[in-house]
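Notes follow once the structure below has been shown.
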Amino acid sequence: MALQSLDIERRSATTTPSPSVREPMKVAKLIDISKCIGCKACQAACMEWNDVRDSIGICEGVYDNPMDLSADSWTVMRFSEVEPEPGKLEWLIRKDGCMHCADPGCLKACPSPGAIVQYANGIVDFHEGNCIGCGYCITGCPFNVPRLSKKDNKAYKCTLCSDRVAVGMEPACIKSCPTGALLFGSKDDMTRHAEKRITDLKARGFENAGLYDPKGVGGTHVMYVLQHADKPQLYHGLPKDPQISPLVSLWKGMAKPIMGIGLGLVALAGFFHYVTAGPNEANETEEDEKEEQ
Amino acid sequence: MTNHWVDIKNANLVLIMGGNAAEAHPCGFKWVTEAKAHNNAKLVVVDPRFNRSAAVADYYAPIRTGTDIAFLGGLINYLLANDKIQHEYVKHYTNAAFLVNENYTFAEGLFSGYDAEHRKYDKSTWSYAMQPDGYAAVDETLQNPRCVFNLMKQHYARYTPEVVSNICGTPKEQFLKVCGMIAETSAPDKTMTIMYALGWTQHTVGSQMIRTAAMVQLLLGNVGMAGGGVNALRGHSNIQGLTDLGLLTNQLPGYLTVPGEKETVYEEYLAQRSLKPTRPGQMSYWQNYPKFFVSLMKAWYGKAATKENNFCYDWLPKLDKMHDVLQVFEDMHQGKMNGYFCQGFNPLASFPNKAKIGGALAKLKYLVVIDPLATETSEFWQNFGEYNDVDPAQIQTEVFRLPATCFAEEDGALVNSSRWLQWHWKGAEPPGDAKGDAEIMAGLYLRLRDFYRKEGGAFPDPILNLTWDYAILDRPSPEELAKEYNGRALADIPDPKDPTKMLLKAGQQLDGFAQIQDDGSTACGCWLFAGAWTEKGNMMARRDNADPSGLGETLGWAFAWPANRRILYNRASCDPAGKPWDPKRAIVHWNGSKWTGFDVPDFKPDSAPDQGMEPFIMQPEGVARLFALDMMAEGPFPEHYEPFETPIGTNPLHPKVVSNPAARVFKDDLAQFGTAKEFPYAGTTYRLTEHFHFWTKHAVINSVLQPQQFVEVGEELAKEKGIQDGALVKVRSKRGYIKAVAVVTKRIKPLMVNGKKVHTVGVPLHWGFKGVAKNGYLANTLTPFVGDANTQTPEYKSFLVDIEKA
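Encoded structure:
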């Protein structure tokens, strides 16, 4: 049997009930934006531990780099210069990445059995071996996090270092954070710690400080302490009330069986196309043109 | 640092000014978050840019680059005018009550004794009024108009909030808000810590900026206190070690000094440096100078150094003048140098006015670069297009590259900002033929010695007699070198209190510098490091983080110079009777028979408070100096002078003396300074978290995180110039230009200075033409070749530029 911390609670496109004898603690990462200095040590640690290297890009007129999440960048810092009150400048720096929703839209949307799992500790993980590259997880994610790799056409995102957590270590980003802006522990402990931080922030003049743990996705296992919890969109467009796309509910409800039949027909048609016309090969120029676009 | 990194957590207020700790020292910055979390501390940031430190600050105030003395001078005026000083501390522990020489004056921007022709001062009037008994005169009532306190008050009375705002561009309310927050720490149970770095040192008045900060901390009673002090955040992992070991042309190890060319008499050299107390009952610790000097010479020359030959004093070079890097490159540029050894140093990138540096290197016959990386300096002769547009055919310099190890490939100690010597162990073997720096130096030395042995030469003695007793001659080990700088007994050392006992037997390692002798019976390579490697072993390798005080006084962790002391001047944390000013910050105290506590007392251990010895034992007068006497080049009180390239073209305080009258400037460089008419914007260079100087552009991950050169421009200036965010721009100074991507930001705002709107252009410096990041221009193409009057550190932080769409 797998490590306790890797007990699986839910699997994509699977109806077999999960084992429930053991009830591991729910974990959470707490990102305290009021302590973040945007040093990007977490980005570096993420690349190192997970052995991914994004390309050396260009400067696009901001401190952000890489500019967006990708199959090789599972976390990026988003820098926002805002003036919540006229003349009062703030530089809000938000570590972006998977929120590990308790009710994960990606998992719900995924049609491939076992490509997305939710561990009993709350971590939502992609098992790329089972990924068919359909991109439905992207549609399903209310935070626009998963990215398809151009290299293998599979979806990637932050694993919350499920491999480290499984053996009792904190995620790599937490370990690297020099200011304690990133913390990891049980969701209960993190919530309690956040309360203290919020009290402190309120005493320092941030009346609307609060915890970001949105209910629309059942709460998240990555939470933010925000100075302006009433205006999460200040933080580079963090959604105020994230919800799973209605398309996913549609798919999970009535549309799924119909689409299943549809997919079967497509597969059948593909098979006949293959035996009658041979494999479908795109020519290289077409692919290059697409990449340039 | 007077204090140390961990101690920052004890502050009530953290002032980051002249530095950007969150960005340039992110790991140390954790102690600021600790202070906020556990001490309810406030963080104030004063900087030309709203930077990453400001992002997490409780309060931010903008300031024009290069005007920090005006700001801090205004703060001194505020503290005095509003009576927000710690009176008892100021009265007893500073020279506030001392009377000043009656001929000392300050008028129209100049102190008494100025010699315009040589751009320097005759400093004889910058002294105390002396009593007939040979001691300095004092007036403890502080009523005498010629006492330091009143002269200081008078000097800074000119720095009103309006004057400060007019010079610095800081809005008056914001300046006063910062003053108010700082003033609260004048209470004996409140402290402020000041964290500064190159944002203060890299000005023509850099040293005086730091001095002004020290004066503020003395007036507030924050020096010697846990959570207080003036804390320099050093820019390289071992730059503290560099200064400690005297790697500057006028320094010997442990802040001993190289004799000047007129100091040909040994006894006079020593007398000049071992000053007698100028107040009764004071320690004047530098009276021990001869011990440290003699033991250094014994470490270097062993048996050849004898009492009879003045311990080889005549072998030391005698300085005609400072030969700092600006002077060296000036000489090189004039064709006065043939060869240059460049070890762990990238001057083409790191020194101002790249065109001059490149031109100077091209006049050498040979250049030796000792470095782990292929640096811009080692490739200065190659054409890299616009980034380095030279004609290799015209450059005859022969370049040798000696691959060195990097810090992770060798054992040894680094001295951090906290003055801790922390031993580290190598994490990897060096690649290829890379050799440690000590091995490379040993190889050079042994070959030179062979030449001297075979061929004689003009002056072979200092080379032939150098102690060289390492087990493997061409590879001195870090352990051997560490033991050498700690020092050892060369003969049995009797205990002065009980001559029947021995302090040390011949051959034993010293326990500390108190055992160092002036008769040649001890050898010590650096007196400040004595205690780092004793008979008990390597003290630098200790890793006990027990902290019985709860104040971060971990005496079992590594070794801190001097004497494993963690907070300097800690005697001043107690009142004159020896009781801590603040019981929560009790680090040392007088227990009735001796000084004791959680830290190593910075005082004579058995000197009872009623004996009247004052806490600043290194000074002949025993107290800290608000009035610096003759120790600074440009005046005993810091005065605001404009950067050499000033955007306002005048000094509102004294239009006839605009910039530092004693600053280091060479004649040919004067013509290379721009004016505001031609170059209207204030330029400043700085570092980013993602990179370390010019090294990490060679590393993939750092380059992913910050791949390409950029400059920062405020929104208003960008709009005026039609510059779009992300567009390519050209930034020009009188000395050259760079092209970079524009980061258009709200974080740099124009400031109203002397009736004129001044815009700032920010120039991060990490890029060049070697490495894996996108190639870029060396930022120091733009900066001026002019240095601080005391340290000769170039003015990288304040210069003039123009900017346009590329």
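In order, the protein sequence lines correspond to chains A and B.
Heads up: the first sequence at position 145 corresponds to 145 in this note's numbering, and the numbers run straight through without jumps.
Start counting at 1 in the second sequence, then tack on 293, and there's your number in this note's numbering.
For each residue, glycine too, the CB sits at the ideal point set by N, CA and C.
Because the structure is a prediction, the values reported are computed rather than measured.
Within this structure, are the beta carbons of Met190(A) and Met169(A) separated by less than 8 Å?
-> no
Where Ala701(B) meets chain A, residues with beta-carbon distance less than 8 Å = Simply none; closest approach about 15 Å.
Classify Glu284(A) as buried or exposed, calling it buried when 16 or more other Cβ atoms lie within 10 Å of its own Cβ.
-> Below a pLDDT of 50, predicted positions are generally treated as unreliable, and Glu284(A), at 49, falls in that range; no measurement from the model is reported.
Which residues, in order along the stretch 53-68 of chain A, keep a beta-carbon less than 9 Å from a beta-carbon of chain B?
-> Arg53, Asp54, Ser55, Ile56, Gly57, Ile58, Cys59, Glu60, Gly61, Val62, Tyr63, Asn65 and Pro66
Got a sec: is the Cβ-Cβ distance from Ile93(A) to anything in chain B below 8 Å?
-> yes
Measure the Cβ-Cβ separation of Gly61(A) and Asp1018(B) and say whether it is below 8 Å.
-> yes
Nearest to Arg242(B) (by Cα), restricted to the options Phe891(B), Glu828(B) and Lys829(B) | There is no way to answer for residue 242(B), as the model of chain B reaches only from 294 to 1099.
Could you list the residues in the stretch 29-49 of chain A with a C-beta less than 8 Å from some C-beta on chain B, going in chain order?
-> Ser34, Lys35, Cys36, Ile37, Gly38, Cys39, Lys40, Ala41, Gln43, Ala44, Met47 and Glu48
Mind checking Glu286(A): buried by the 16 CB within 10 Å criterion, or exposed?
-> Note on Glu286(A): pLDDT 47, under 50, position unreliable in the model; the coordinate value appears next. So Glu286(A) ends up on the exposed side.
Who are the Cβ neighbours of Glu289(A) in its own chain at under 8 Å, not counting the five residues just before and after it?
-> Only weak support exists for where Glu289(A) lies, its pLDDT of 46 falling under 50; the coordinates are left without a value.
Quick one: what's got a C-beta closer than 7 Å to Arg53(A)'s C-beta in the same chain, skipping five residues either side?
-> Met47 and Asp72
Select from Thr463(B), Lys465(B), Gly522(B) and Met423(B) the residue whose C-alpha is nearest the C-alpha of Lys302(B).
-> Gly522(B)
Between the CA atoms of Ala519(B) and Asp300(B) - distance to the nearest angstrom = 6 Å
For the 8 Å Cβ check, are there 3 or more pairs between the stretch 671-685 of chain B and the stretch 495-503 of chain B?
-> The stretch 671-685 of chain B, when compared against the stretch 495-503 of chain B, does not touch it at the 8 Å Cβ threshold.
Using 8 Å as the limit for Cβ to Cβ distance, is Ser996(B) near chain A?
-> yes
Beta-carbon of Thr463(B) versus every beta-carbon of chain A: anything under 8 Å?
-> no
Compare the beta carbon distance of Pro913(B) and Leu568(B) with 8 Å and say whether it is the shorter of the two.
-> yes
Which residues in chain B sit within 9 Å of Glu81(A), going by Cβ to Cβ distance?
-> Phe343, Thr1038, Lys1039 and Arg1040
Check the DSSP bridge columns for Ser1026(B) and list the partner residues they point to.
-> Gly1029(B)
What does Val349(B) touch in chain A if you count any residue whose Cβ is under 7 Å from its own?
-> Ser34, Lys35 and Ile37
Distance between beta carbons of Lys1027(B) and Gly967(B), contact taken as under 8 Å | At roughly 4 Å, the Cβ-Cβ gap stays under 8 Å, so Gly967(B) and Lys1027(B) are in contact.
Mark Gly678(B) as exposed unless 16 or more other C-beta atoms lie within 10 angstroms of its C-beta, in which case mark it buried.
-> Exposed, by the Cβ-count rule.
Grab me the residues of Glu433(B)'s own chain with a C-beta within less than 8 Å of its C-beta, minus the 5 sequence neighbours each way, in chain order.
-> Lys384 and Ala390
Any idea what DSSP makes of Asp51(A), helix, strand or coil?
-> Reduced to three states, the DSSP call for Asp51(A) is coil.
Cβ contact (3+ pairs, closer than 8 Å) linking the stretch 355-374 of chain B and the stretch 437-453 of chain B = yes
Assign Lys1090(B) to one of two classes, buried (16 or more other C-beta atoms within 10 Å of its C-beta) or exposed (fewer than that).
-> The Cβ neighbour count for Lys1090(B), taken over all protein chains shown within 10 Å, is at least 16; the residue is labelled buried.
DSSP state of Leu306(B), grouped into three classes?
-> strand
Cβ-based contacts, 7 Å cut-off: residues of the stretch 152-185 of chain A near chain B = Pro178, Thr179 and Gly180
With 8 Å set as the bound, which would you pick, yes or no: does the beta-carbon of Arg204(A) sit closer than that to a beta-carbon of chain B?
-> yes
Would a check of beta-carbon distances place Ala1066(B) closer than 8 Å to chain A?
-> yes
Name the chain B residues whose beta carbon is nearer than 9 Å to that of Leu234(A)?
-> Within chain B, no residue comes near Leu234(A); the closest Cβ sits about 13 Å away, beyond 9 Å.
Does DSSP put Gln999(B) in a helix, a strand or coil?
-> Looking at Gln999(B) - three-state DSSP - the assignment turns out to be coil, as it is neither helix nor strand.
Minimum C-alpha distance to Ala853(B) - residue among Tyr778(B), Phe909(B), Ala969(B) and Arg712(B) = Arg712(B)
Please compile the residues from chain B whose C-beta is within a distance smaller than 9 Å of the C-beta of Leu89(A).
-> Phe343, Ala347, Tyr353, Lys1039, Arg1040 and Lys1042
Best match in His221(A), Ile56(A), Thr159(A) and Ala181(A) for proximity to Asn1068(B) [C-alpha to C-alpha] = Per the Cα distances, Ile56(A).
Using three-state DSSP, classify Gly534(B) as helix, strand or coil.
-> helix
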